[in-house]
Each structure stands twice: as structure tokens, then as C-alpha cells.
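Everything on this sheet refers to the single structure shown next.
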Amino acid sequence: MNSEVDRREEWMGLGIIVSELRMKTWVENRSDSKLGMRVKKQIGWRSLFSSGTYIQQSCVEKFLSPFGMELKENYYSQDDIFKWLVLLDKLENMYGIRSALSDRMGWHMLSWVVDNTLPKDWDNFLLWVEAYDTERDMLSYDKTD
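Just so you know, we're using the working numbering here: the sequence shown kicks off at 873 and counts up by one.
Laid out in C-alpha cells, this is it:
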């Protein structure tokens, strides 16, 4: 008797994640912010909710479930973003998924924004924006990552 657990749906879920996951960062004007600007972060899906099937969503749910994560159309909260970054780092360490991920630039910039928090004063903010733009430009020229 074979006692192995059938994990095909989970593995299909991982495949869907690496091809569908999209990460965005941007700076927006905000009157309620000290600098008048705020960094925004979002994780979502290329087409999982617009043209994907229930079965595809179910496979992603099965993959995320053991990590205590819920499938959502978009993730905005700091907690959700952190969970995704931890999961992606864990998957990179275990399986080397970075090269398979279709949105490597989005992952890099999201990680960069989390690691390089927005300064609280204007002069350092201007330096931060310059570094952000340089980082994004560098990735635009590097087509391998």
C-alpha cells in the first residue's frame, strides 16, 4: 500500500504562482503624509482572477494553505506583503525559484523597498528616490534577472 500523499495540486499551485504572481511598488502623493508622498506596495495576479479557472485557484489555495496564507485577488497590507516575501525567500532557498518567477523585477523592487524604508526628511527622501530610480533602471537594462 502506497502511503504517499498526492501533492500534485500543490505543485501545480506553485507553477501557477511563479507564472502569475505580480508585484508592484510606486510612490504616490498623499496629503496625510509628512513628506506628501507615500510608498505603496501591491502583490496580485496577472490573470488568475480575470481568466483563470476555479481549479487553478484551488491549486494555489492548496499550496498557500500550509503556510497560513489565504488566496486573495490583491495583497496590500504590510503583513500580507511580508508573508509573501518570506515565502518567496524560503522557496528560493529550497528550490531556486527566482529564475522561474515571471516577475523577477517586481520581486526585486518590492524587496528593495521593504529593505530601504522611506526616510522621514526631505533631503534623504530625494536621495532615496534617486536610489529607487537607479535600482529600477538597472533592472530594466538587465534582461537576465
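C-beta: ideal position from N, C-alpha, C; glycine also. In this text the structure is predicted, and so the values were computed from the model without any measurement.
query: Go through the segment 878–937 residue by residue and report every complete run of the alpha helix (DSSP H) that reaches 4 residues or more, in order.; result: 880–892 and 926–936
query: As a quick exercise: from Phe997, Met884, Val890 and Val877, pick the residue whose alpha carbon is nearest that of Leu959.; result: Val890
query: Determine the direct distance from the alpha carbon of Thr897 to that of Gln929, and round the result to whole angstroms.; result: 24 Å
query: Would you call the segment 915–933 and the segment 984–993 touching, i.e. three or more CB-CB distances under 8 Å?; result: no
query: Pairing CB atoms from the segment 920–937 with CB atoms from the segment 881–889, are three or more of them under 8 Å?; result: yes
query: Measuring alpha carbon to alpha carbon, tell me which of Asp1005, Trp994 and Leu990 ends up nearest Met977.; result: Asp1005
query: Spell out a yes or no on whether the segment 947–959 and the segment 901–910 are touching, meaning 3 or more CB-CB pairs, one atom from each, closer than 8 Å.; result: no
query: Provide the residue(s) that pair with Asn946 in DSSP beta bridges, ordered along the chain.; result: Gly916
query: DSSP three-state call for Ala1003: helix, strand or coil?; result: helix
query: What separation, rounded to the nearest whole angstrom, lies between the Cα atoms of Arg902 and Leu957?; result: 26 Å
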